[in-house]
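Here the structure comes first, spelled out in structure tokens, and everything after it is commentary.
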Amino acid sequence: MVRRPPPRASDGMTARADDERFMSLALALGRRGLGDTWPNPAVGAVVVNDGTIAGRGWTQAGGRPHAETEAIGRAGAAARGATMYVTLEPCSHHGKTPPCADAIIAAGIARVVSSIEDPNPDIAGQGHARLRAAGIAVDIGLKAKEASRDHDGHIRRIRDIRPHVTLKLAVSADGKAGLAGRKPVAITGESANARVHLMRAMHDAILIGIGTALSDDPLLTCRLPGMEKRSPVRVVLDSNLRLPAHSRLASTARETPVWAIAASAAPRERETVLREAGIDVVRSAADGNGIEMTAALQLLAGRGITRLLVEGGPKVAASFLNADLVDEAVLLRAPEAIGPTGIDALDCLSLDALTASSRLKLSGQDKLGPDTIQFFERI
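Each residue of the sequence shown is one higher than the one before, counting from 1 in this note's numbering.
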């Protein structure tokens with residue numbers, strides 16, 4: 001028996017506007033989970049009955065419960081005959097939870113508006129097909145561009161077997177990233193720093209090289225009020241396991257995870273020391289320049305990381321650009337210069353390798369106090 005779709009407004013333009021409004025809400029809900037749901041995507045869902053929102057849901061911490069079941073649970077009996085707006089195709093396979101498609105069918109939902117198909121081969125259209133087979137009207141493609149961007153980490157991990165990479169650089173007015181001798185220096189102001197902490201909370205992991213770990217002794221957590229628990233996994237490219245056991249990363253490893261990626265030849269005794277401090281040591285392919293970037297990203301993807309924020313120094317940043325592994329870049333520009341003795345933002349590369357790259361385009365910019373933030377994305 002084919003289910004009767006819920007009533008639609010007689011004005012087609014009004015109905016379209018309503019669909020877009022409710023999908024925008026679903027997208028906003030899904031973004032709440034960015035950085036907190038890996039290895040699962042951060043999905044948003046809204047159940048609407050006769051023009052009234054009956055239930056909202058988003059993927060919970062750790063990837064479950066899923067957004068669809070959360071929204072259905074909040075809607076209760078009002079889910080019957082309703083429309084669900086969901087930012088990614090509902091799953092159709094049995095994983096650690098039953099299929100969301102089955103939950104939608106059981107709830108009596110009459111119509112599903114889905115932004116994009118899930119590229120996961122376990123789903124890949126099967127969720128939509130299962131809904132249609134049960135007599136549910138299925139519309140696909142509303143706000144697909146926005147949904148694809150929100151789910152870029154999930155999509156990249158499935159298709160390219162690596163996380164979606166965002167490179168963050170803070171540079172002075174003369175394109176420098178630090179003082180001579182790798183001495184750290186505050187380049188940007190409070191507003192820019194707060195934006196960086198928010199970015200950290202929205203990524204699964206943050207990556208630096210051992211050079212930055214040794215010179216800056218960073219903490220790499222999210223230190224916005226109330227968001228400390230949203231700190232990402234902290235990853236250090238450390239081919240010879242030189243990270244000190246007394247570093248701030250090591251001393252907080254039992255509170256916020258730290259993964260050290262080492263070469264296969266790294267000293268076993270150093271691995272023991274770091275493991276005793278609570279650091280997870282993993283070994284990866286290396287070359288004459290250190291850890292091989294593509295291999296490291298595949299390792300992270302295999303561990304469930306979908307969204308990676310690279311905050312490494314000039315050498316790491318240049319390595320990611322040279323390997324064409326940057327999907328997005330965030331460039332924070334300060335108004336003050338450091339001077340000719342400062343360290344260039346990109347090792348052996350001009351800043352033009354980012355700002356004038358044929359593989360990246362400027363997609364927007366804004367002011368953050370005295371600083372400027374620029375956004376670049378893969379073409």
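Yeah, the Cβ is synthetic: ideal placement off N, Cα and C, and Gly gets one too.
With H, G and I counted as helix, E and B as strand and the rest as coil, what does DSSP make of residue i?
| i | result |
| --- | --- |
| Gln-126 | helix |
| Arg-333 | strand |
| Gln-60 | coil |
| Glu-255 | coil |
| Met-1 | Bear in mind that a pLDDT of 46 at Met-1, under 50, signals an unreliable position, so the model cannot answer this. |
| Asp-19 | helix |
| Asn-240 | coil |
| Met-13 | helix |
| Arg-303 | coil |
| Ala-262 | strand |
| Gly-449 | Past the edges of the chain, shown from 1 to 379, lies residue 449, and the structure says nothing about it. |
| Ile-379 | coil |
| Ile-343 | strand |
| Asn-322 | helix |
| Leu-360 | strand |
| Gly-33 | coil |
| Leu-328 | According to the sequence provided, residue 328 is Glu. The question's Leu does not apply to it. The answer is strand: DSSP assigns Glu-328 an E or B state. |
| Thr-97 | coil |
| Val-316 | helix |
| Ile-53 | strand |
| Ala-134 | coil |
| Arg-351 | Note that residue 351 is Leu in the sequence shown here, rather than Arg. In the structure shown, Leu-351 sits in coil (DSSP, three-state: anything other than H, G, I, E or B). |
| Ala-147 | helix |
| Ala-67 | helix |
| Ala-296 | helix |
| Ile-109 | coil |
| Ala-245 | coil |
| Ile-338 | coil |
Starting from the Cα of residue i, find the closest Cα among the options and give me that residue.
| i | options | result |
| --- | --- | --- |
| Ala-201 | Ile-158, Lys-143, Leu-362 and Leu-224 | Leu-224 |
| Pro-184 | Val-165, Pro-218, Arg-162 and Pro-267 | Pro-218 |
| Leu-131 | Ala-71, Ile-206, Glu-68 and Pro-90 | Pro-90 |
| Leu-27 | Arg-16, Ala-45 and Asp-19 | Ala-45 |
| Gln-126 | Ala-101, Ala-137, Arg-111 and Asp-150 | Ala-101 |
| Leu-88 | Asp-150, Val-171, Ala-260 and Ala-296 | Asp-150 |
| Thr-188 | Pro-121, Ser-363 and Leu-331 | Leu-331 |
| Ile-338 | Ala-129, Glu-328, Ala-173 and Val-86 | Ala-173 |
| Ser-350 | Gln-374, Val-86, Ala-317 and Gly-364 | Ala-317 |
| Arg-303 | Ile-261, Pro-99, Asp-344 and Gly-364 | Ile-261 |
| Arg-359 | Ile-343, Glu-328 and Gln-365 | Glu-328 |
| Lys-315 | Leu-300, Glu-276, Cys-348 and Ala-295 | Cys-348 |
| Pro-244 | Ile-210, Ala-124 and Glu-292 | Ile-210 |
| Lys-96 | Ala-71, Ala-106, Pro-65 and Ser-114 | Pro-65 |
| Leu-198 | Thr-14, Leu-34 and Arg-21 | Leu-34 |
| Val-196 | Ala-77, Gly-135, Glu-146 and Pro-232 | Pro-232 |
| Ala-61 | Gly-278, Arg-230, Arg-333 and Ala-301 | Arg-230 |
Considering only DSSP beta bridges, list what residue i is partnered with.
| i | result |
| --- | --- |
| Met-202 | DSSP lists no partner for Met-202. |
| Gln-365 | Gln-374 |
| Arg-234 | Ile-206 and Val-258 |
| Ser-114 | Val-86 and Ile-140 |
| Ala-286 | Ile-291 |
| Ala-45 | Gly-57 and Val-86 |
| Asp-280 | Trp-259 |
| Leu-308 | Val-165 and Ala-205 |
For a quick check, are the C-beta atoms of residue i and residue j less than 8 Å apart?
| i | j | result |
| --- | --- | --- |
| Val-165 | Phe-376 | no |
| Ala-42 | Thr-69 | no |
| Ser-239 | Ala-266 | yes |
| Ile-53 | Ala-79 | no |
| Arg-242 | Ala-263 | no |
| Thr-372 | Pro-39 | no |
| Val-171 | Leu-207 | no |
| Leu-220 | Val-326 | no |
| Pro-370 | Pro-340 | no |
| Val-47 | Ala-17 | no |
| Ala-67 | Gly-30 | yes |
| Thr-294 | Ala-250 | no |
| Gly-57 | Arg-32 | no |
| Val-138 | His-154 | no |
| Arg-254 | Ser-215 | no |
| Asn-193 | Ile-158 | no |
| Leu-169 | Ala-180 | no |
| Asp-344 | Gly-175 | yes |
| Ile-72 | Gly-51 | no |
- Would you mind listing the alpha helix (DSSP H) stretches within the region 163-229 that are 4+ residues and don't spill past its ends, in chain order? Segments of the alpha helix (DSSP H) lying fully in the region 163-229: 190-201 and 210-216.
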